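Student: Can you keep this structure in mind? I'll have questions shortly.
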Amino acid sequence: MMIVMGNGSSFLGRYLEKVYTPVANTIGLNTTWNFFSPDPAHTMYIKYNVFFEDAYGNSTKEPVEGFFPESKDQGGDFSLDKKRFSYVMRFFVMDPQRIQSFFAPWLCRQHDQASKILVEVILNRIPTLDQMLHVGQSLKKYDDLLATEEISRYSFECNSHVE
Amino acid sequence: MLNKISKYWQIATSFIDDFLFGKDPRMQLGVMRFILCGVLFYVAIFRQMNIEQYGSLSIIPRDAALNIFPDFYRPLVQWFFWPDTLASQVHFLLILLLGLACVGLTNRPLLLFTWMLHQGFLNRNYAMLFGADVIGGLFLLYLSFTKCCDFFSLKNIILKKMPPALDHSNKASITKVFYRLMQLQICTIYMYTGFEKLKGSSWWDGTALWTVFANPQFSQFDLKFLSHIPIFFAVGTFITLIFEVYFPAIMLHKKYRKYWLIVGVAFHLTIGILLGLMTFSLAMLSTYVLFVRAEVLQNTLTAVSQNKKN
């Protein structure tokens, strides 16, 4: 079981799925051991804006801008309690549906009277080693080579999510 | 012909019998328990600071806790049997049990219960998992079937009691089998970790480590200056691949095993320090003891304690 479940989506894994996958899932054995793979991730973070508007669309409070994790793209959150939020961010970014289902409603709950949330997923593409060599390995050029991309943007109405 | 088959059959069964039941692994298991439960205890203390994420204020609502698992990975049992309002108290209990397990003041049913609580918190918020949580949980489960508290237990140290000799009971046999299973498990983990990396173009290309070290969300220190020595990343990337892919094969070879383990210690300490993954590294390193012979372990521990006395 432990050998097959390392590659559970293979034919053998699928073939034997009914036999022991539920057990393997329950004891935490069905895991793909993909640390830093297939390729290490680039720097990512979530930028969000929380809007406070009344029923007529008039602003009732200054919008709030925030980042998740709080350290944005700077790292530095290596304390275990803070580091978990970087993992949560990556979990959400992997599937945008999760942002809609969990992250945005959570933000709505965090900000009393919030009416709308705008979420942007930002990716800082780290220059390749070849690019670094081409610019003469000048570290000053690193920031110029760093490509910031907005890979997705979502808007949510809080009222529909408030429980 | 029949005689030959019978002879080979006897050799094979005797080999399997010796492999599975021939060794007394309790000393290795004792050291592993101490390190692994110590790491999980440390991780749990920090998890307590995020306890709101395992209760009613969690980013993942309780009724969605199992639904967020991809279908193929969804557990059959919801291990978090406690209500969200009691998350903090139950987590305190988990910390206590892990602390007791670390010093050997536990037994097999209690260790299994400790694992259930641990797995419950992992299930409750699947988004917040560390590698150390997953690896630690898996090996905690294996340990709970073994007599891992016979050695290096606080009770034995205080009472100056020698561990009992290992009998031929079912409990002893299960301990030996689970010891072998853990060895197989760590080899499997390394092998698949290596294989998964081979899918990535940057690992083939020899530049994956650059992406890791240049990413401030991974790297604890600003290591971008290392781009002046690109060969460091190319060699480091390939060494990582070779180390992981060939780990199971080398562990079968008594002569080269120790060299691979030394490389592994260096490898894990490096990523532990540079990438802030020390808990993950120590959880992985705790399993290395399973590949060290009991007499080597005993001699090392004696030398360490004598050095301390001197």
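Chains A and B are the protein sequences, given in the same order.
Residues in the first sequence are numbered consecutively from 65, following this note's numbering.
Residues in the second sequence are numbered consecutively from 1073, following this note's numbering.
Backbone N, C-alpha and C define an ideal beta-carbon position, used for all residues, glycine too.
This one's a predicted model, so the numbers in the text were calculated from it and none came from an experiment.
(1) Determine the direct distance from the alpha carbon of A168(A) to that of S224(A), and round the result to whole angstroms.
(2) How many angstroms separate the CA atom of L1201(B) from the CA atom of M1073(B)?
(3) Could you tell me whether the Cβ of M104(A) comes closer than 8 angstroms to any Cβ of chain B?
(4) Please work out which residues of its chain come closer than 6 angstroms, Cβ to Cβ, to H1340(B), disregarding the five sequence neighbours upstream and downstream, and give them in chain order.
(5) For A1286(B), go through chain A and note every residue whose CB falls closer than 7 angstroms to its CB, in chain order.
(6) Here's the rule I'm using: 16 or more other beta-carbon atoms within 10 Å means buried, otherwise exposed. How should V226(A) be labelled?
(7) Does the region 1114-1124 of chain B come within contact of the region 1085-1103 of chain B, defined as at least 3 CB pairs closer than 8 angstroms?
(8) Taking CB distances under 8 angstroms as the criterion, tell me whether F131(A) reaches chain B.
(9) Looking at the unbroken beta strand (DSSP E) that takes in V128(A), where does it start and where does it end?
(10) Starting from the beta carbon of K1269(B), find every residue of chain A whose beta carbon is closer than 9 angstroms, and list them in chain order.
(11) Between which two residues does the alpha helix (DSSP H) containing V19(A) stretch?
(12) Is there a C-beta anywhere in chain A that falls below 8 angstroms from the one on L1170(B)?
(13) Cβ of I67(A) less than 8 angstroms from any chain C Cβ?
(14) Using Cβ-Cβ distances below 8 angstroms, what residues of the region 1205-1223 of chain B are close to chain A?
(15) Note down the Cα distance separating K82(A) from N71(A), rounded to an integer number of angstroms.
(16) Which residues in chain B have a C-beta closer than 7 angstroms to the C-beta of T231(A)? List them in chain order.
(17) Let me see if you follow: with CB-CB separation under 8 angstroms, is F238(A) close to chain B or not?
(18) Leaving out the 5 sequence neighbours to the left and right, which residues in its chain are closer than 6 angstroms to L1281(B) when beta-carbon positions are compared?
(19) Please give me, in chain order, every unbroken run of the alpha helix (DSSP H) with length at least 4 that falls completely inside the region 81-163 of chain A.
(20) Entirely within the region 1325-1368 of chain B and at least 3 residues each: give me those beta strand (DSSP E) ranges in chain order.
(21) Tell me the rounded alpha-carbon separation between K1248(B) and H1240(B).
(22) When you compare only the Cα positions, how much space is there between V1111(B) and K205(A)?
(23) Got a sec: is the Cβ-Cβ distance from S73(A) to anything in chain B below 8 angstroms?
(24) For a test of the three-state rule: what should DSSP assign to V183(A), helix, strand or coil?
(25) I need the boundaries of the alpha helix (DSSP H) containing F1250(B), first residue and last residue.
(26) Run the CB neighbour count on L1295(B), radius 10 Å, all protein chains shown included, and call it buried at 16 or more, exposed below.
(27) Would you mind telling me which residues of chain B sit closer than 7 angstroms to F155(A), beta carbon to beta carbon, in chain order?
Tutor: Put simply:
(1) Confidence at S224(A) is low in this model, with a pLDDT of 49, below 50, so its placement is unreliable and no value can be given for it.
(2) 57 angstroms
(3) According to the sequence shown, residue 104(A) is Pro rather than Met. So, interface residue.
(4) S1353, M1356, L1357
(5) Near A1286(B) (Cβ distances below 7 angstroms), the residues of chain A are I190.
(6) Because the pLDDT of V226(A) is 39, which lies under 50, any placement of that residue in the model is unreliable, and the number read from its coordinates should be weighed accordingly. When all chains shown are included, V226(A) counts as exposed.
(7) no
(8) no
(9) 123-132
(10) N98, F99, F100, S101, P102, D103
(11) Nothing about residue 19(A) can be read from this structure; chain A reaches only from 65 to 227.
(12) Taking a beta-carbon distance threshold of 8 angstroms, L1170(B) does not count as an interface residue toward chain A.
(13) Absent here is chain C; the protein component of the structure consists of chains A and B.
(14) Within the region 1205-1223 of chain B, those residues whose Cβ lies closer than 8 angstroms to any Cβ of chain A are, in chain order, V1206, G1209, L1210, L1213.
(15) 15 angstroms
(16) The displayed coordinates of chain A run from 65 to 227. Any statement about residue 231(A) would go beyond what the structure contains.
(17) No answer is possible for residue 238(A): the residues shown for chain A start at 65 and end at 227.
(18) Around L1281(B): F1305, G1308, T1309.
(19) Whole alpha helix (DSSP H) segments, 4+ residues: 81-90, 144-158.
(20) none
(21) 11 angstroms
(22) 40 angstroms
(23) yes
(24) strand
(25) First-last of the alpha helix (DSSP H) with F1250(B): 1242-1270.
(26) buried
(27) A1199
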